[in-house]
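Participant:
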């Protein structure tokens, strides 16, 4: 299993334009939706519109979070990442 360096991800979200983290989003007026190739993604904890990838909680087909032991499982998805702020979009270049 791969462990996420969440501190590094938060640092990127604070210091780079177009990078978003769930913890930073809570304390700011962050994105309302995250889209991957035009489809809304749920349970996203990190999105990088510059590099075109996001990290989200992995779910079963019926929408339940996947865990191994007591640890959540994450998946990294690549593509055209967009985030919306009250109707305004920020897209992957």
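In the numbering used here, the protein residues as written are 37 to 129. Glycine included, every Cβ here is placed at the ideal spot set by N, Cα and C. For clarity, every value in this text was computed on a predicted model and none was experimentally measured.
Taking the straight line between their C-alpha atoms, what separation do you get for residue 96 and residue 46?
Facilitator: In a straight line, the C-alpha of residue 96 is about 26 angstroms away from that of residue 46.
Participant: Span of the beta strand (DSSP E) holding residue 84?
Facilitator: Counting along the chain, the beta strand (DSSP E) containing residue 84 begins and ends at 80 to 84.
Participant: Determine whether the beta carbon atoms of residue 81 and residue 93 lie at a separation below 8 angstroms.
Facilitator: Yes, the Cβ-Cβ distance between residue 81 and residue 93 is below 8 angstroms.
Participant: With 16 other CB atoms within 10 Å as the buried threshold, where does residue 118 fall?
Facilitator: Buried.
Participant: Could you check the C-alpha separation between residue 84 and residue 108 for me, to the nearest Å?
Facilitator: Approximately 21 angstroms between the Cα atoms of the pair.
Participant: Would residue 67 and residue 56 be called neighbours here (beta carbons separated by less than 8 angstroms)?
Facilitator: A contact, by the Cβ cut-off of 8 angstroms.
Participant: Given residue 121, which residues of its chain have a CB within under 7 angstroms of its CB, disregarding the five upstream and five downstream residues?
Facilitator: 67 and 68, listed in sequence order.
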